[in-house]
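Q: Counting with full-length UniProt numbering, you get residues 1 to 411 for the letters of the sequence shown. Even for Gly, the Cβ is constructed at its ideal location relative to N, Cα and C. After the structure tokens below, expect a handful of questions from me.
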Amino acid sequence: MNNTVKFKADFPLLGKPMGNNPLVYLDNGATTQKPGEVIKAITEYYDSFNANPHRGAYELSIKATDIYENARIKTQQFINAKYSHEIIFTKNATESLNLVAYSYGLSHVGAGDEVLIAISEHHSNLVPWQYVCQMKGATLKYIYLEEDHNLSQRDIEEKITEKTKVVAVAQVSNVLGLINPVKEIVERAHKAGAVVVVDGSQSVPHMAVDVQDMDADFFVFSGHKMLSPMGIGVLYGKEALLNDMPPFLMGGDMIDYVEEQHTDYAPLPAKFEAGTQNVGGAAGLSAAIDYLNRVGFEYIEKQEKELTKYAISRMKEMDYIELYGCDSSRDNKTGIVTFNVKDVHPHDVSTIMDAHGVAIRAGHHCAQPLMIYLKQNATCRASFYFYNSKEDVDKFIEALSKVRGVLGLGA
Ligand SMILES: Cc1ncc(COP(=O)(O)O)c(C=O)c1O
């Protein structure tokens, strides 16, 4: 049995047909499928251990607390954070980014300051910074792109200045699929006295991440893009910064002592985890990390690179396909292939491919400023994961080759 057949067998949904066709799932940038052992970990939590953590002195509550806190330690080790209390559980990457923008941004960015982000940012790492700048009278500046769609080196060098208070950038763009030079950006930003927020939503599922080596001040990701359930996300922040920040959400669990007119907040990480948390989600995240560690990022990166290279080479044989972010001058391409079919709306491409069981994404990918910059209303996106096979790419290419014919446009 080859590796992809073996891996696919672990994912119940990947074995199910879509209409009359076997499913070819190529929308992993949006969310990944879940292996049986992740689903089992969530079910087991609700079957056998469900209780409100941190609140009870009885056995079940202690067990729920253990599951939740062990997931935190596993996440700390997964991204090599220094302390487990630097890991804050949230709902998703979006909530993590809002936490940083509201709590750090609103209290550290002032009139005349600048926030620098990339033009390729997902709306989740863009709209919160627009809001901060609007509220504080600061300026939102952009790193634009080189011809090969990598971040402009000149912008990186020239736009980080002593006015910059925050640089917020994705480690991998969800549209272009290119790995950004975050370590270099962090180094430059720190020299200028700015903090760096790295959006790891499209990197953490696909490559080994070491937040200490990267030296990012904040790092965020969503569980559901890395085999875990929806509803669990992560914010990593350096201890000193998190300690210094006001809370984001307030209420139960984030307090030490409350009087009529005053509250002492709880220490990290509880200060940022108000209300009942997603323990089932944390159990799933924990099982997903175990699964990913077993597969290994060496294999994951190699498999995705091979599939991407193969897909791009096949697509380049079709002269009616326009590709974005697929001609990088560096070896920094991940498993995301964004494209358009000449004269066909991306939604039509996706619908026609769906009739062949091939699931891809079409739209603006929550990156409208990038779409405007690329002079496109929308694009199609195929995104691979380690469980995808060369046969999946062949089926994708076969379905893609039929799109224009279905619409009477010829090949
Ligand atoms: C780069 C990037 N950042 C942020 C997000 C937001 O993730 P979520 O919707 O899980 O909060 C996504 C989701 O597509 C993404 O690709």
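What are the complete beta strand (DSSP E) segments, minimum 3 residues, inside the segment 208-259?
A: Within the segment 208-259, the complete beta strand (DSSP E) runs of at least 3 residues are 218-222, 233-237 and 255-258.
Q: Would you say the segment 300-309 touches the segment 139-156, given that touching needs at least three Cβ pairs under 8 Å?
A: Not touching, per the Cβ criterion.
Q: Can the beta-carbon of Val24 be found closer than 8 Å to that of Asp392?
A: Position 24 of the sequence shown, counted from the first residue, corresponds to residue 24. Position 392 of the sequence shown, counted from the first residue, corresponds to residue 392. Result yes, Cβ atoms of Val24 and Asp392 sit closer than 8 Å.
Q: Give the secondary structure of Gly405 by DSSP, where H, G and I count as helix, E and B as strand, and everything else as coil.
A: In the sequence shown, counting from the first residue as 1, residue 405 sits at position 405. Gly405: helix per DSSP, three-state reduction.
Q: What's the call for Ala111, buried or exposed, on a 16-neighbour Cβ count within 10 Å?
A: Your numbering for residue 111 matches position 111 in the sequence shown. Exposed, by the Cβ-count rule.
Q: Hey, would you say Ser103 sits closer than 8 Å to Pro247, going by beta carbons?
A: Reading the sequence shown from its first residue, position 103 is the one you call residue 103. Reading the sequence shown from its first residue, position 247 is the one you call residue 247. Yes; because the gap between Cβ atoms is below 8 Å, this pair is in contact.
Q: Excluding the 5 residues flanking Thr65 on each side, which residues of the same chain have their C-beta closer than 6 Å to its C-beta?
A: Walking along the sequence shown from the start, residue 65 turns up at place 65. Taken in chain order, the residues that qualify are Pro53 and His54.
Q: Leaving out the 5 sequence neighbours to the left and right, which residues in its chain are closer than 6 Å to Glu59 when beta-carbon positions are compared?
A: For the purposes of this step, residue 59 is taken as the residue at position 59 of the sequence shown. So no residue of the chain qualifies.
Q: Report the rounded CA-to-CA distance for Met315 versus Asn340, giving the unit in angstroms.
A: Counting from 1 along the sequence shown, the entry for residue 315 is found at position 315. Counting from 1 along the sequence shown, the entry for residue 340 is found at position 340. Going from the Cα of Met315 to the Cα of Asn340 covers about 11 Å.
Q: The alpha helix (DSSP H) with Tyr265 in it runs from where to where?
A: In the sequence shown, residue 265 corresponds to position 265, counting from 1. Taken as a continuous stretch (DSSP letters only), Tyr265 belongs to no alpha helix (DSSP H), being part of the beta strand (DSSP E) at Thr263 to Tyr265.
Q: Tell me whether Asp27 counts as near ligand 1, meaning its Cβ is closer than 7 Å to at least one heavy atom of that ligand.
A: Counting from 1 along the sequence shown, the entry for residue 27 is found at position 27. No, ligand 1 has no heavy atom inside 7 Å of this Cβ.
Q: Give the single residue among Lys34, Lys141, Ala168 and Val295 whose Cα lies nearest to the Cα of His122.
A: Stepping through the sequence shown from its first residue, residue 122 is reached at position 122. Minimum Cα distance to His122 is reached at Ala168.
Q: Measuring alpha carbon to alpha carbon, tell me which of Tyr324, Val100, Ser401 and Asp113 ends up nearest Asn174.
A: Mapped onto the sequence shown, residue 174 falls at position 174. Of the candidates Tyr324, Val100, Ser401 and Asp113, the one whose C-alpha sits nearest the C-alpha of Asn174 is Tyr324.
Q: Here's the rule I'm using: 16 or more other beta-carbon atoms within 10 Å means buried, otherwise exposed. How should Glu184 be labelled?
A: Here residue 184 is taken as the residue at index 184 of the sequence shown, counted from 1. Its Cβ having fewer than 16 others within 10 Å, Glu184 is exposed.
Q: Looking at the strands, I want to know which residues DSSP matches up with His25.
A: As a first step, residue 25 must be located in the sequence shown, where it is residue number 25. At residue 25 the sequence reads Tyr, which differs from the His that was named. Partner(s): Ala359.
Q: Should the segment 344-352 be called in touch with the segment 373-385, which here means at least 3 C-beta pairs below 8 Å?
A: Yes, the segment 344-352 is in contact with the segment 373-385.
Q: Quick one: give me the first and last residue of the alpha helix (DSSP H) that Tyr142 is part of.
A: Mapped onto the sequence shown, residue 142 falls at position 142. Unbroken run through Tyr142 is the beta strand (DSSP E), Thr139 to Ile143; no alpha helix (DSSP H).
Q: Name the residue from Tyr144, Gly105 and Ser124 whose alpha carbon lies nearest to the alpha carbon of Cys133.
A: Stepping through the sequence shown from its first residue, residue 133 is reached at position 133. With distances taken between Cα atoms, Cys133 lies closest to Gly105.
Q: Between Thr338 and ligand 1, is there a pair consisting of the residue's CB and a ligand heavy atom that are separated by less than 7 Å?
A: Numbered from its first residue, the sequence shown carries residue 338 at position 338. No, since every heavy atom of ligand 1 falls outside the 7 Å radius drawn around the Cβ of Thr338.
Q: Determine the direct distance from the alpha carbon of Ala399 to that of Tyr68, and round the result to whole angstroms.
A: Along the sequence shown, one-based indexing puts residue 68 at 68. Along the sequence shown, one-based indexing puts residue 399 at 399. Taking the straight line from one Cα to the other gives about 43 Å.
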